[in-house]
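Notes follow the structure.
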Amino acid sequence: MIALITFEWVVLAYFLVVNSFYAMLLVSAAVQLRQHRRRVWQESIWRVLSSDLSPSITVIAPAYNESATIIESVRSLLTLYYPSVEIVVVNDGSSDDTLGILAKEFRLSPMDPIYDEIIPTSPVIGTYVSQDHPELIVLDKENGGKADALNAGLSLASGELVCAIDADTIIEPDALQRMVRPFLLDDGVLAAGGTIRLANSARIQRGRVIVARTPRRAIPGFQVVEYLRAFLFGRLGWNALGGNLIISGAFGLFRKESLVAAGGYAHDTVGEDMELVVRLRRHAIERGEPGKVAFVPDPVAWTEAPESLRVLGRQRDRWHRGLCDTMWSHRKILFNPRFGRMGLIAYPYFVVLELFAPVVELLGLAGLVAAFAFGAVDVEFAVLFFLAAYAYGLVLTVCTLLLEEFGYNRYEGIGDRFFLLLWAVLENIGYRQLTVLWRLQGMAKYLRGRSEWGNMERRGFGAE
Amino acid sequence: MAITSVITWAIIIEFGVLLASITILVAHAGWLKWRQHHYTPILKRARGELQSLLFAQAPANHPTDSLEKLPLGDRIALIAEVARSLAGAERERLRSVAARTGLVDWAESNANSRVWWRRLRGARLITLLGSDSAVMSGLLWDKNEFVRSQAAEWVPDHPNSGLVARLLVLLNDEHKLCRFTAQNSLLRLGDFATPALVEYLSAHTGRRVVGALEVAAHLSDSRLLDPALSLCADTTPLVRARAAALLGALGGHGAVGRLNDLTKDPEHSVREASARALGHLSQWRSAPQMTVLLGDTSWNVRRAAALALTSLGSPGLVALNLAARNTDTNVSTIARRVLASLSAEDNMPLGVRDDSADHI
Numbered sequence: 005m006i007a008l009i010t011f012e013w014v015v016l017a018y019f020l021v022v023n024s025f026y027a028m029l030l031v032s033a034a035v036q037l038r039q040h041r042r043r044v045w046q047e048s049i050w051r052v053l054s055s056d057l058s059p060s061i062t063v064i065a066p067a068y069n070e071s072a073t074i075i076e077s078v079r080s081l082l083t084l085y086y087p088s089v090e091i092v093v094v095n096d097g098s099s100d101d102t103l104g105i106l107a108k109e110f111r112l113s114p115m116d117p118i119y120d121e122i123i124p125t126s127p128v129i130g131t132y133v134s135q136d137h138p139e140l141i142v143l144d145k146e147n148g149g150k151a152d153a154l155n156a157g158l159s160l161a162s163g164e165l166v167c168a169i170d171a172d173t174i175i176e177p178d179a180l181q182r183m184v185r186p187f188l189l190d191d192g193v194l195a196a197g198g199t200i201r202l203a204n205s206a207r208i209q210r211g212r213v214i215v216a217r218t219p220r221r222a223i224p225g226f227q228v229v230e231y232l233r234a235f236l237f238g239r240l241g242w243n244a245l246g247g248n249l250i251i252s253g254a255f256g257l258f259r260k261e262s263l264v265a266a267g268g269y270a271h272d273t274v275g276e277d278m279e280l281v282v283r284l285r286r287h288a289i290e291r292g293e294p295g296k297v298a299f300v301p302d303p304v305a306w307t308e309a310p311e312s313l314r315v316l317g318r319q320r321d322r323w324h325r326g327l328c329d330t331m332w333s334h335r336k337i338l339f340n341p342r343f344g345r346m347g348l349i350a351y352p353y354f355v356v357l358e359l360f361a362p363v364v365e366l367l368g369l370a371g372l373v374a375a376f377a378f379g380a381v382d383v384e385f386a387v388l389f390f391l392a393a394y395a396y397g398l399v400l401t402v403c404t405l406l407l408e409e410f411g412y413n414r415y416e417g418i419g420d421r422f423f424l425l426l427w428a429v430l431e432n433i434g435y436r437q438l439t440v441l442w443r444l445q446g447m448a449k450y451l452r453g454r455s456e457w458g459n460m461e462r463r464g465f466g467a468e
Numbered sequence: 074m075a076i077t078s079v080i081t082w083a084i085i086i087e088f089g090v091l092l093a094s095i096t097i098l099v100a101h102a103g104w105l106k107w108r109q110h111h112y113t114p115i116l117k118r119a120r121g122e123l124q125s126l127l128f129a130q131a132p133a134n135h136p137t138d139s140l141e142k143l144p145l146g147d148r149i150a151l152i153a154e155v156a157r158s159l160a161g162a163e164r165e166r167l168r169s170v171a172a173r174t175g176l177v178d179w180a181e182s183n184a185n186s187r188v189w190w191r192r193l194r195g196a197r198l199i200t201l202l203g204s205d206s207a208v209m210s211g212l213l214w215d216k217n218e219f220v221r222s223q224a225a226e227w228v229p230d231h232p233n234s235g236l237v238a239r240l241l242v243l244l245n246d247e248h249k250l251c252r253f254t255a256q257n258s259l260l261r262l263g264d265f266a267t268p269a270l271v272e273y274l275s276a277h278t279g280r281r282v283v284g285a286l287e288v289a290a291h292l293s294d295s296r297l298l299d300p301a302l303s304l305c306a307d308t309t310p311l312v313r314a315r316a317a318a319l320l321g322a323l324g325g326h327g328a329v330g331r332l333n334d335l336t337k338d339p340e341h342s343v344r345e346a347s348a349r350a351l352g353h354l355s356q357w358r359s360a361p362q363m364t365v366l367l368g369d370t371s372w373n374v375r376r377a378a379a380l381a382l383t384s385l386g387s388p389g390l391v392a393l394n395l396a397a398r399n400t401d402t403n404v405s406t407i408a409r410r411v412l413a414s415l416s417a418e419d420n421m422p423l424g425v426r427d428d429s430a431d432h433i
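Here it is, written out as structure tokens:
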């Protein structure tokens, strides 16, 4: 009984630590956003960031069975505003007609580029260039997974910086101009991440998101709120604390030289985006370099969130497996002062407050049920605590919505704001608990040694 | 229990914050809606006024009532939106409109502020308008790197030798953004900056000339030949590589000979740069040197040499065909790959596999 009560107090302490950290991140994010907005106010990005002296960029887009969205995605890439950009779409052994659609739409013809296969990958079947858009190259290869496809693109890339995106991502036209800023501010920056928004229910024309809308369906709606929290509050908050350990695979910009030196993307993990950033930073710090990763709140890329629980569950399961794998693979960083703030703050945060969070939540709930069963809990206290926890989470989310409102205001309609609030209120009643279950599932699978991706089903941009 | 009352208070505070936040959210949304409804017609009229003043040769005293009715932020946004695509007389007219509507005074006042972000706003607007402002020169020495960088961006609109000299100093600023902006501004200055650039490159050596060499490679002015030739002997490999790239852009007497010498440099980056440069110059006399480089230890050097041979015409092709039969696999492999790619020459993308000095 005493052990049970003690355990409940431990869970309470954990709750206080987690939420204190979140509050700190929120304040940090607000300060960062204000500073950033001041720095970019009326900035002539055309004049400076589109200079001939700007670093060249290769955009690598791995594609696997993307026939529904590939044309829109590639069109959006072709209209990016940047002086020197090369686009490499890697068809990773698609079983649908992704390559055929590309060949027809962009009039591809064979080419024989001369490049060194810096990182070994599964065999390349052919390389093609568009006759209409010479900056577009399509690499067709045998299936090897996303990491393998990215590495193949990396070998072919001629840019000083490489931008890795998912083929179903739509990038804002001036995104690269904005994403290149951290590299122009600091030589120690290895990688920069951008904000990902969800395009579900958005109005899309010719590969561009014209109007963002909050989904009226619950599942994508909850995810919109989650993404706003993750990017505007989480990643931006970590900028000042030096703790960005992840750049979304949907949109990230890396120094090619650093990527290659670190060995490219890892095959043997399903969380290659986080694993890569941790490995990049670790590699740099071990060589005595700063190893900085920046997050830029401005550039917006849009992707499609799963609309069914089944697909969403698989995604969250995979993400948590990736987190487990990364944290275990690089455990040497944990509490290691050699790695500075990454080792002493960021890594412990991700281990204790992200990785083990679902375990603590489950044990906390189980403990609470047991305490009720033994009559060891004060009902009034339990109800009040639940209300306090729920309200606190809601405060953090609504504050994030305020950051969005005053910072970017992409959801312009009154109805959109209403639904954002609605999904924020309802998120913690059922949906959050589901994500806990999925994450636990992912953890269990990781411990059992399973590493598959699962299938993502796509409705296509603009589908209602 | 004390803890219960603490939690109760926490809940009250949380719900209070929640209520306040939601109220702010709703109020802001309502305010934006009202604002849009109220100012959209004014903005439309203001655009019309601006169009008349800028393009329809309206008299200088044409009314600007709608412009003046716009909130300051919207007025600035409208002026800034138009300013970016104007030059010459139209930009001058825009400046006078901005002056009439109080924006120039606002910008000057902010540029003199003690707060960095206000100085930055003032400097940005002055730059957008292309105004001549005494305060801007002083901002080239500002303690904040963003303000300094903004002042550097302004210089090409109002150049003088003193400001160009300051840009050259900023090429070695501690902040990368300042260095980058200074380079970009020197590039935009073009011919005006070249004499100062020549003098700078002639007088300095080592890492401090790297930024200047990168600018020089884009300017490609023959006056830069002598310093380029001289800097090919610099002790810093990066300087030699940049000097090689510059020679590749300039050509001229002595360039090929010096570049041929650099193909024997102990640093692979210098050898690669000289191979690319020789490829740009398409001088058939460098074919023997390129052939030697086909067996280099560095893949990038071998590639650059092979691609350079393709630009030399027949002598280059002969050399590649001979190299394809070489017993050294490094040599034969790269030669065969390049020859194979030439057979699909019609499909080679323009500029995609470009070996310009930009990528060194």
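Protein chains in written order, with this note's numbering: chain A, 5 to 468; chain B, 74 to 433.
The C-beta atom is built at its ideal place from N, Cα and C for all residues, glycine as well.
Chain A partners of residue i, CB-CB under 7 Å?
i	result
Phe265 (chain B)	Neighbours of Phe265 (chain B) on chain A: none; closest Cβ ~17 Å, over 7 Å.
Ile95 (chain B)	Val402, Leu425
Assuming the contact rule is C-beta atoms closer than 8 Å, residue i and residue j should be a hit. Round their C-beta distance to whole Å, please.
i	j	result
Ala184 (chain B)	Leu145 (chain B)	Not confirmed; about 16 Å, so no contact.
Gly324 (chain B)	Leu302 (chain B)	Not quite, the Cβ-Cβ distance comes to about 12 Å (not below 8 Å), so this is no contact.
Ile200 (chain A)	Ser80 (chain A)	Contact doesn't hold; Cβ gap of about 14 Å is too wide.
Ala168 (chain A)	Phe258 (chain A)	7 Å
Thr278 (chain B)	Asp307 (chain B)	5 Å
Glu164 (chain A)	Ser60 (chain A)	5 Å
Gly211 (chain A)	Glu76 (chain A)	5 Å
Ala67 (chain A)	Ala171 (chain A)	4 Å
At a CB-CB cut-off below 9 Å, which residues of chain A make contact with residue i?
i	result
Ile437 (chain B)	What the structure shows of chain B is the stretch from 74 to 433, and residue 437 (chain B) is not part of that stretch, so it cannot be assessed.
Determine, using beta carbons only, whether residue i comes closer than 8 Å to chain A.
i	result
Gln256 (chain B)	yes
Val90 (chain B)	yes
Ala153 (chain B)	yes
Met421 (chain B)	At Met421 (chain B), the pLDDT of 44 sits below 50, so the modelled position is not reliable and the matter cannot be decided from this model.
His432 (chain B)	Low confidence applies here, because His432 (chain B) scores a pLDDT of 29, under 50, leaving its location unreliable and the question unanswered by this model.
Glu122 (chain B)	no
Trp190 (chain B)	yes
Val343 (chain B)	no
Arg15 (chain B)	For chain B, the structure presents residues 74 to 433; residue 15 (chain B) sits outside this window and is missing.
At a CB-CB cut-off below 8 Å, which residues of chain B make contact with residue i?
i	result
Ile118 (chain A)	Arg376, Ala379, Leu380, Ile407, Arg410, Val411, Ser414, Arg426
Starting from residue i and walking both ways along the beta strand (DSSP E), at which residues does that stretch end?
i	result
Asp96 (chain A)	89-96
Met363 (chain B)	No beta strand (DSSP E) contains Met363 (chain B), which is instead part of the alpha helix (DSSP H) from 360-366.
Cys167 (chain A)	165-169
Identify the continuous alpha helix (DSSP H) that holds residue i and give its terminal residues.
i	result
Arg194 (chain B)	189-202
Asp178 (chain B)	176-184
Ile415 (chain A)	The sequence shown places Tyr at residue 415 (chain A), rather than the Ile named in the question. Careful: Tyr415 (chain A) lies outside any alpha helix (DSSP H) and carries neither H nor E.
Thr96 (chain B)	75-128
Can you pull the chain B residues whose beta carbon is under 9 Å from the beta carbon of residue i, in chain order?
i	result
Ala392 (chain A)	Ile80, Thr81, Ala83, Ile84, Glu87
Asp56 (chain A)	Asn257, Leu260, His291, Asp431
Ile418 (chain A)	Val99, Ala102, Gly103, Lys106
Would residue i pass as an interface residue toward chain B - the criterion being a Cβ-Cβ separation below 8 Å?
i	result
Cys328 (chain A)	no
Arg43 (chain A)	yes
Ser48 (chain A)	yes
Leu189 (chain A)	yes
Val297 (chain A)	no
Trp13 (chain A)	no
For residue i, go through chain A and note every residue whose CB falls closer than 8 Å to its CB, in chain order.
i	result
Leu98 (chain B)	Val402, Leu405, Leu406, Glu409, Arg421, Leu425
How would you list, in chain order, the residues of chain B whose beta-carbon sits under 7 Å from the beta-carbon of residue i?
i	result
Ala395 (chain A)	Ile84, Glu87, Phe88, Leu91
Glu384 (chain A)	Thr77
Inset, instruction - May I ask you to verify whether the region 216-227 of chain B touches the region 184-197 of chain B, counting CB pairs closer than 8 Å and requiring at least 3? - result: yes
Inset, instruction - Could you tell me whether the region 387-403 of chain A touches the region 189-198 of chain A, where touching means 3 or more Cβ pairs closer than 8 Å? - result: no
Legend entry - At least three beta-carbon pairs within less than 8 Å, the region 91-102 of chain A to the region 225-241 of chain A: no
Inset, instruction - Decide if the region 399-416 of chain B is in contact with the region 115-124 of chain A; the criterion is three or more beta carbon pairs, one per stretch, under 8 Å apart. - result: yes
Legend entry - Touch test, the region 328-335 of chain A against the region 413-422 of chain A, Cβ-Cβ under 8 Å, three pairs minimum: no
Legend entry - Segment contact flag, the region 250-260 of chain B with the region 284-295 of chain B, C-beta cutoff 8 Å, min 3 pairs: yes
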